[in-house]
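S.K.:
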Amino acid sequence: MPRGQKSKLRAREKRRQAQAGSQDLVSVQATAQLHSSSSPHFEDIPLELTSTFTATTAAAVSYMRSNEGTNEVQERPRSSQNPTATESFHRSPLGEKVFILVYYLLYKYQTKEPITKAGMLRNVIQIYRNYFHVILRKASEHLELVFGLDMKEVDPNRHIYVLVNKLEPNYDGKLSNDSSVPETGLLMTVLGVIFTKGNCATEEQVWEVLNMMGLYPGRKHFIYGEPRKLITRDLVKENYLEYRQVVNSDPPRYEFLWGPRAHAETSKMRVLEFLIHDTVPSAFPSWYEEALRDEEEPLGGVSQN
1 MPRGQKSKLR AREKRRQAQA GSQDLVSVQA TAQLHSSSSP HFEDIPLELT
51 STFTATTAAA VSYMRSNEGT NEVQERPRSS QNPTATESFH RSPLGEKVFI
101 LVYYLLYKYQ TKEPITKAGM LRNVIQIYRN YFHVILRKAS EHLELVFGLD
151 MKEVDPNRHI YVLVNKLEPN YDGKLSNDSS VPETGLLMTV LGVIFTKGNC
201 ATEEQVWEVL NMMGLYPGRK HFIYGEPRKL ITRDLVKENY LEYRQVVNSD
251 PPRYEFLWGP RAHAETSKMR VLEFLIHDTV PSAFPSWYEE ALRDEEEPLG
301 GVSQN
């Protein structure tokens, strides 16, 4: 190869490496800036752990759906259902951008600052702007599954977005502690277990699903803290869950029901929509019919038939 051509190739490679290094530095700086601006609890959440938690949460939700009693589940493929593909994506540059965007959006949600496409492109997406819609879609899926937040575009002309809690707007997602991340995703999961178990789930049934999400009693979780305290005390104190002893059980056994605040601020239909994400409702006829009946009852169907 002529010497001049070799020199050009070497120069081109140096420019490529410099651009890659600069991009990595920008990504690190963006993450560091988000961490420094957020609470200690939020900054302790590693990207690799949140990505794994998304996959395990999806698995737990899928498990609940499989118990409806019908094999005719018409589901569109999801990347989180393929562990190999998911793991590969998380390690890719686009995967890193997805979870940096999750951090960015959570920060905006906490500070109540406006979310714009321009801001996401400038602060997070950067040279991957051609993949903006892919990155945003996957980040939105993560926010919905783990944190119970829906991403909505409120101004298509100026591309302004908001994150909406899956519970009523008056619910701030922080419950009774100082956690900086909303716990709606966990609450919706527990409400889903109760709903799919005939509106009353034993403690064992709830933990069976939570264990699939990496949540164990007495073991502190990187997002939710100590989960047993959260579901048996905090959520009960906030009236989202009812936790009571099973009648005549010896030794004592306990069960969960929806609390009055859950009935007031959400519905079986909304919980069902959370469970059947990317699945046609007709695949779950008994749950869907019950949710429809619940919608028709006054006060959202506070009876616990």
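Here the UniProt record's numbering is used: the first residue of the sequence shown is 1, the next is one more, and so on.
Glycine included, C-beta positions come from ideal geometry on N, C-alpha and C.
Using DSSP with H/G/I as helix, E/B as strand and the rest coil, what is THR266?
M.R.: THR266: coil per DSSP, three-state reduction.
S.K.: Would you kindly work out how many angstroms separate the C-alpha atoms of ARG261 and GLY119, rounded to a whole number?
M.R.: If I take the Cα positions, the gap works out to 36 Å.
S.K.: Taking 8 Å as the limit between beta carbons, can you name the residues of its chain near THR184, skipping five residues before and five after?
M.R.: Result list for THR184: PHE147, GLY148, LEU149, ASN165, LYS166, LEU167, TYR171 and GLY173, in chain order.
S.K.: Would you list the one or two residues that DSSP bridges to HIS221?
M.R.: Partner(s): GLY225.
S.K.: Can you tell me the Cα-Cα spacing of LYS97 and ASP250, whole angstroms?
M.R.: Distance between the alpha carbons of LYS97 and ASP250 is about 52 Å.
S.K.: Among residues of its own chain, excluding the 5 on either side of SER270, which ones have a beta-carbon nearer than 7 Å to its beta-carbon?
M.R.: Strictly speaking, residue 270 in this sequence is Arg, with Ser absent from that position. So the qualifying residues of the chain are LYS166.
S.K.: Could you check the C-alpha separation between ILE115 and ALA264 for me, to the nearest Å?
M.R.: Answer to the nearest angstrom: the Cα atoms are 29 Å apart.
S.K.: Over the uninterrupted beta strand (DSSP E) stretch that includes LYS152, give me the two end residues.
M.R.: Element bounds for LYS152: 149 to 155.
S.K.: Tell me which residue opens and which closes the alpha helix (DSSP H) that GLU295 is part of.
M.R.: Run containing GLU295: 285 to 296, per the alpha helix (DSSP H) assignment.
S.K.: Roughly how many whole angstroms lie between the Cα atoms of residue 308 and TYR104?
M.R.: Shown here, the chain extends from 1 to 305; a query on residue 308 therefore has no answer.
S.K.: If you compare alpha carbons, which of THR111, ILE100, GLU290 and LEU235 is closest to VAL190?
M.R.: Here the closest residue by C-alpha is LEU235.
S.K.: The alpha helix (DSSP H) that contains LEU163, what's its start and end?
M.R.: Note, LEU163: premise wrong, no alpha helix (DSSP H); beta strand (DSSP E) at 160 to 165.
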